[in-house]
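The opening position of the sequence shown corresponds to residue 18 in the numbering used here, with each subsequent residue numbered one higher. Glycine included, every Cβ here is placed at the ideal spot set by N, Cα and C. See structure below.
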Amino acid sequence: MHIPVMLDECLEALITDPTGIYVDGTLGNAGHASEIFSRLKSTGLLVGFDRDIDAVERVQETLKSREGKRVELIHDNYANMADRLDKLGLGKVHGILLDLGVSSFQLDIAERGFSFMQDAPIDMRMDQTQGQTAGELVNTASEQELADIIFRYGEDRASRRIARAIVEARAKVEIQTTAQLAGIVERAKGGRRGKKTHPATQTFQALRMAVNDELGGIERVLETMIDKVVDGGRIVVLTFHSLEDRMVKQFFNRHVPREESLQQGGVRRVYEEPAVKWIWKKPLIATDAEQAENPRSRSAKLRAVQVGE
Ligand SMILES: C[S@@+](CC[C@H](N)C(=O)[O-])C[C@H]1O[C@@H](n2cnc3c(N)ncnc32)[C@H](O)[C@@H]1O
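Structure (structure tokens):
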């Protein structure tokens, strides 16, 4: 089951006008989307995106019974959000929510190949209609490319050793399944060594981020979404990885007006248009109770901005 992370905090920050238009860029299991939907008046509109067609179809089912409310679900990368909203002719929206990463639903279905907990072909694509699978990547990328991916996205210091082990293993036999890959990584790292997390955790995360170009998508949506939000509207982002959080923080910081002293005296305001302001100075993290109930929330950071000065 997918338990939505920091649900109340997200919704409090997101919804300023229940008759407005709200975008959930990452529908997943509709945890946040259902709650947005519940809080909107009948004149409001929920627009939802997911690049995973299974998620879009499931959410369609979940929301279908809720008569009298307006909803528009779109199977696409949120990187294309601005274009898709333009095509709908909606003008600006009142709030956008992004809950980044993979859903528990995707992790739990063995055939999606995201998890070493269940043996299956290594796929890991969120959008199964296009792109290279993680299996293809593992069997074709150079040793250097694999080491870079595992180091950058997995932050695993054993990245070179793991990449070497993958290349040596695939020279003998194609690496087809998640169990095969997990075993190679585990041996390369010298076993579990008493650690609670599986030694392949970071490698699996890194391959997933690479195959889905997750940071590229975030960069593209950030660049285009502020312009889509009305003055006073909100952008709320939940991240689960330090690289994601840094991207989000640095991006919005560039749009927050700050005062710079001039040599000749006086000050000038410096920022990239359009201006935003942080709702909270520091990111929110889940309460101890939520972290105990939902382990996924432990690495979550919630940031939110209001568009305008
Ligand atoms: C963490 S889950 C969202 C969970 C959801 N908020 C809930 O409470 O049920 C992330 C979802 O976003 C989708 N996703 C990830 N990257 C995406 C992208 N670039 N464009 C569209 N959807 C994306 C994934 O397919 C997944 O279903």
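Exercise for the section: Consider the C-beta atom of N147 and the heavy atoms of ligand 1; say whether any pair is separated by less than 8 Å. Expected result: Strictly speaking, residue 147 in this sequence is Gln, with Asn absent from that position. No; taking the cut-off as 8 Å, the Cβ of Q147 has no heavy atom of ligand 1 nearer than that.
Handout entry: Cβ contact (3+ pairs, closer than 8 Å) linking the region 106-122 and the region 194-211
Key = no
Handout entry: Within the region 30-101, ranges of the beta strand (DSSP E) (whole runs, at least 3 residues)
Key = 38-41, 62-67 and 87-92
Handout entry: First and last residue of the uninterrupted alpha helix (DSSP H) at L239
Key = E231 to M242
Exercise for the section: Give the straight-line distance between the Cα atoms of V253 and L319, rounded to the nearest whole angstrom. Expected result: 7 Å
Practice task
Identify the continuous beta strand (DSSP E) that holds R286 and give its terminal residues.
Solution key: V284 to V287
Problem - Short Cβ contact (9 Å threshold) for A321 with A30 - result: yes
Exercise for the section: Select from L63, A306, G48 and Q193 the residue whose C-alpha is nearest the C-alpha of G130. Expected result: Q193
Exercise for the section: Specify, as a first and last residue, the run of the beta strand (DSSP E) that Q323 falls within. Expected result: K318 to V324
Problem - Outcome for P291 when other beta-carbon atoms lying within 10 angstroms are tallied against a minimum of 16 - result: exposed
Problem - Top-ranked residue by Cα proximity to V273, from V284, G325 and G283 - result: G325
Handout entry: Sequence-distant residues of its chain with Cβ nearer than 7 Å to A96 (five each side left out)
Key = G234, R237 and V238
Exercise for the section: Could you check what DSSP says for G152 in three-state terms: helix, strand or coil? Expected result: helix
Handout entry: Neighbourhood of A186 by C-beta, 7 Å cutoff - its chain only, sequence neighbours within 5 removed
Key = I192 and I201
Handout entry: For N229 and R142, believed in contact at Cβ under 8 Å, the rounded distance
Key = 7 Å
Exercise for the section: Compare the beta carbon distance of I167 and A151 with 9 Å and say whether it is the shorter of the two. Expected result: no
Problem - Any 3 or more C-beta pairs closer than 8 Å across the region 252-267 and the region 305-320 - result: yes
Practice task
Below 8 Å on the Cβ atoms is my guess for Q219 versus G148; work out the distance and round it to an integer in Å.
Solution key: That belief does not hold up - the Cβ atoms of Q219 and G148 are roughly 22 Å apart, past 8 Å.
Practice task
Rank A164, V110 and T79 by C-alpha distance to the C-alpha of R181 and give the top, closest one.
Solution key: A164
Exercise for the section: Could you work out which residue in S59, Q77 and E128 is closest to D67 when comparing CA atoms only? Expected result: Q77
Exercise for the section: Check whether the Cβ atoms of R313 and F257 lie closer than 9 Å to each other. Expected result: yes
Practice task
Count the other C-beta atoms from every protein chain shown that fall within 10 angstroms of the C-beta of Q281, then say buried if there are 16 or more, exposed otherwise.
Solution key: exposed
Problem - Option in G85, L62 and D41 with minimal Cα separation from I72 - result: The identity of residue 72 in the sequence shown is Ala, whereas the question assumes Ile. When each option's Cα is compared against that of A72, the closest is D41.
Exercise for the section: Would you check whether ligand 1 has a heavy atom nearer than 8 Å to the C-beta of N229? Expected result: yes
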